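Engineer: Anchor point for the first sequence: position 333 equals 334 in our numbering, and the numbering is continuous, going up by one each time.
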Amino acid sequence: MFASLNEQMDVLKKGTVEIIPEEELIRKIEKSIKDKKPLNIKLGCDPSVPDLHIGHSVVLNKLREFQDLGHTAILIVGDFTGMIGDPSGKKKTRPQLTFEETREHGKSYFEQASKILSKEKTKIVYNSEWLSKINLHDLIGILGKFTVQRILERDDFTNRMREQVEISMHELLYPIMQGYDSYAINADVELGGTDQKFNNLIGRDMQKRFGKEQQVVMLMPLLEGTDGSEKMSKSLNNYIGISEEPKNIFGKTMSIPDVLIMKYYTLGTRLSTKELNEIKAELEKPETNPRNLKRRLGFELVKLYYDEQTANAAIEEFDKIFIKKEVPDEIPEIIQKEKDVKLINLITANKLADSNAAARRLIEQGGVTIDGEKVTDINFTPSYKEDFVLKVGKRKFLKVKIN
RNA sequence: GGGUAGGUAGCGAAGUGGUUAAACGCAUCAGACUGUAAAUCUGACGACUAAUGUCUUCGGAGGUUCGAAUCCUUCCCUACCCA
C-alpha cells in the first residue's frame with residue numbers, strides 16, 4: 002500500500018531545503034511501511050492570512066505529496082495562537098485578532114487549502130482545543146522547561162532588539178505554544194517554510210522534554226513574489242492568489258523575472274522530478290526563449306487551480322491584450338445616459354482612475370484610448386453618439402454604451 | 001519613577017520660521033522599446049481646477065507669528081539607559 006522508501010524520499014526531497022534530521026525521517030518511513038501505519042504530518046496554518054497565494058502553496062503542495070504517499074495531514078488552525086500573531090520575519094508586533102476572527106479565517110483557509118489537499122486525508126484541528134485549557138499553573142510548568150536565552154536566540158527577536166523595535170511579552174510565547182501543538186497531536190513530521198525553523202524546532206524540544214517521540218522538521222524554501230526580490234506576501238502586493246481570476250494568475254505569472262521561472266515550477270506546481278528536469282534542460286538551451294516556458298508555467302498554475310480549458314483561455318486572452326493589443330472578449334459595460342460628461346469625469350466616475358488629477362495625468366501621458374485612438378486633450382468630451390470602448394492604462398477596459 | 005532619542009506622504013528617510021505639496025530612495029502608475037504585466041530608458045506620483053489659482057497634510061489638541069513640519073503649551077505613542 003505504501004510506496005517504497007526510495008520512491009517516497011525522492012518525492013519528499015524535491016524542492017525541500019532541509020530535513021532535520023534526515024536519518025530520522027528515513028527511520029520513521031521504514032517503520033510506517035513495516036507497520037502499515039501512516040505518519041502524522043503537521044502543518045500549522047496562520048489564520049491571520051485571509052487569502053492564500055502561491056507562496057503558501059509551497060508547503061501545501063508538499064503536504065499533498067505526503068498525502069499521495071498515504072500519510073495523514075493534520076492541519077492545525079492556529080485559532081488560539083492567531084491571537085498572538087507569529088513574530089517570524091516580522092519587524093513589528095502583529096495586530097492581535099479576536100478569537101472569532103481567527104475562527105473565521107481558519108475556515109476560509111481550509112476551504113482554500115482544499116484546492117490543493119485531498120480533503121478525505123486531511124484532519125483539521127483547532128489549537129484552542131488544548132491551548133485554551135492550559136492554566137497558569139500548567140503554563141509555568143511548560144515555561145520552566147525553556148530559557149529566556151533560548152527564546153531570544155531566534156533571529157527575529159535578536160534583530161528587533163538590535164534595531165530597538167518593540168517586542169511584546171506575548172510574542173515570546175508564540176513558539177512555545179506552537180511547539181506545544183506538536184506535542185498535543187503527536188506529530189511525526191512538521192512541515193514549514195524556512196522562516197518556521199525556530200518554531201518547529203521548539204516543537205521537537207517540547208516533545209522530548211515531555212518524553213515523546215520527536216518530530217522531524219521539514220523546511221521548504223520561501224518563494225519570492227512577482228517582484229523577484231521580496232518574499233511573496235499580500236502586504237507587499239507581490240503575490241499570486243490561488244483564488245484569483247485565471248487571467249490574473251496567468252498575467253501575474255508572466256510578470257515574474259526570468260530567473261524565478263525554475264523556482265516557481267519546482268515549488269508552485271506538482272510536476273514530477275522528471276518533468277522538472279526536462280524543463281530545466283530546456284531553459285538552459287541558449288536558443289530557448291524564456292517567455293515560452295513562462296507561458297507554460299502560467300498555464301500549469303491556472304490548470305492546477307481551475308482546469309485545462311480555462312488555462313488555454315487565459316493564454317488566449319493574454320495574447321490578445323498584450324501581444325496583439327486588442328480588446329478582450331469580455332469587458333465591463335456601462336450605459337451612459339448623460340451626454341455632456343467630460344472624459345476625465347467619465348474615467349473617475351467608473352473608477353478607472355482614483356481621482357480627476359490621476360485621470361488627467363493618464364491622458365497627458367498617453368495612456369487613454371477610445372476605440373484605439375489615443376486621446377491627448379485633457380478637456381476632451383466624447384460625442385456619445387454611438388457605443389465606444391475606453392481603454393485606460395495597460396489593462397483597464399470599459400465599454401460605454403449609449404442608450 | 002528619573003534621564004535621553006524619536007513620531008514627516010504607501011514604506012524608508014531629509015528638512016529645524018518664508019522660493020516646502022515638502023529633497024532623495026523604494027514601491028506604484030503611464031509612455032517608449034520588446035520576448036511579457038521580464039529587463040532597460042523616460043515621465044508622473046495629495047485633492048479640486050482648462051488655466052492662473054485654491055484647499056487639506058508633517059502623532060493629537062491649543063497657542064505665538066504677517067507667515068509654522070519647523071517656536072511655545074499640553075496630551076498620546078515608541079525605543080534606549082538608570083531604578
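We put the beta carbon where it would ideally sit given N, CA and C, even for glycine.
Please read all numbers here as calculations on a predicted model, not as lab measurements.
#1: Between the Cα of residue 80 and the Cα atoms of 139, 349, 121 and 178, which residue gives the shortest distance?
#2: Nearest CA to the CA of residue 238: which residue from 247, 245, 228 and 244?
#3: In three-state DSSP terms, what is residue 74?
#4: Under 8 Å, do residue 269 and residue 224 count as touching if we go by C-beta distance?
#5: Can you find at least 3 beta carbon pairs, one from the stretch 379-394 and one from the stretch 314-321, that sit closer than 8 Å?
#6: Considering only the beta carbon of each residue, do residue 369 and residue 221 sit closer than 8 Å?
#7: My output table needs one value for residue 328: the three-state DSSP class, helix, strand or coil.
#8: Between the C-alpha atoms of residue 186 and residue 173, what's the straight-line distance to the nearest angstrom?
#9: Among 16, 11 and 74, which residue has its Cα nearest to the Cα of residue 41?
#10: Report buried or exposed for residue 191, applying the criterion of at least 16 other Cβ atoms within 10 angstroms of its Cβ.
#11: Compute the Euclidean distance between the alpha carbons of residue 299 and residue 56, then round it to the nearest angstrom.
#12: How many Å lie between residue 366 and residue 199 at the Cα?
#13: I need the straight-line Cα distance from residue 218 to residue 34, nearest angstrom please.
#14: With distance defined between alpha-carbon atoms, name the residue in 197, 64, 9 and 354 nearest to residue 31.
#15: Do residue 353 and residue 382 have their CB atoms nearer than 8 Å?
#16: What is the rounded straight-line gap between the Cα of residue 240 and the Cα of residue 303?
#17: Is it the case that the stretch 253-266 contacts the stretch 280-300, given that we only count it when at least three CB pairs across the two stretches are under 8 Å?
#18: Return helix, strand or coil for residue 241, following the three-state DSSP convention.
#19: Count the other C-beta atoms from every protein chain shown that fall within 10 angstroms of the C-beta of residue 301, then say buried if there are 16 or more, exposed otherwise.
#20: Just the C-alpha distance for residue 348 and residue 308, rounded to the nearest angstrom, thanks.
#21: Going straight from the alpha carbon of residue 154 to that of residue 203, what length do you get?
#22: At which residue ranges does the stretch 333-402 contain complete beta strand (DSSP E) runs of 3 or more residues, listed in the order of the chain?
#23: From this set, 27, 167 and 17, which residue's C-alpha is nearest residue 7's C-alpha?
#24: Quick check on this structure: which residue in 100, 70, 51 and 44 has the alpha carbon closest to the alpha carbon of residue 13?
#25: Just the Cα atoms here: how many angstroms apart are residue 119 and residue 47?
#26: Among residues of its own chain, excluding the 5 on either side of residue 113, which ones have a beta-carbon nearer than 8 Å to its beta-carbon?
#27: The alpha helix (DSSP H) spanning residue 303 covers which residue range?
#28: Per DSSP, residue 54 forms a beta bridge with which residues?
Structural biologist: Looking at the atomic coordinates:
#1: 178
#2: 228
#3: strand
#4: yes
#5: With a cut-off of 8 Å on Cβ pairs, the stretch 379-394 is not in contact with the stretch 314-321, counting fewer than three such pairs.
#6: no
#7: In the structure shown, residue 328 sits in coil (DSSP, three-state: anything other than H, G, I, E or B).
#8: In this structure, the CA atom of residue 186 is about 22 Å from the CA atom of residue 173.
#9: 74
#10: Counting the other CB atoms within 10 Å of its CB gives residue 191 a total of 16 or more, which places it among the buried residues.
#11: Annotation: residue 299 to residue 56 spans about 15 Å, alpha carbon to alpha carbon.
#12: 50 Å
#13: Annotation: residue 218 to residue 34 spans about 20 Å, alpha carbon to alpha carbon.
#14: Selected option, being the one with the closest Cα: 9.
#15: no
#16: Between residue 240 and residue 303, the C-alpha separation is close to 14 Å.
#17: yes
#18: coil
#19: buried
#20: 35 Å
#21: 12 Å
#22: Correct list: 334-337, 369-371 and 389-393.
#23: 27
#24: When only C-alpha atoms are compared, the closest one is 70.
#25: In this structure, the CA atom of residue 119 is about 19 Å from the CA atom of residue 47.
#26: 52, 53, 243 and 244
#27: 291-306
#28: 242
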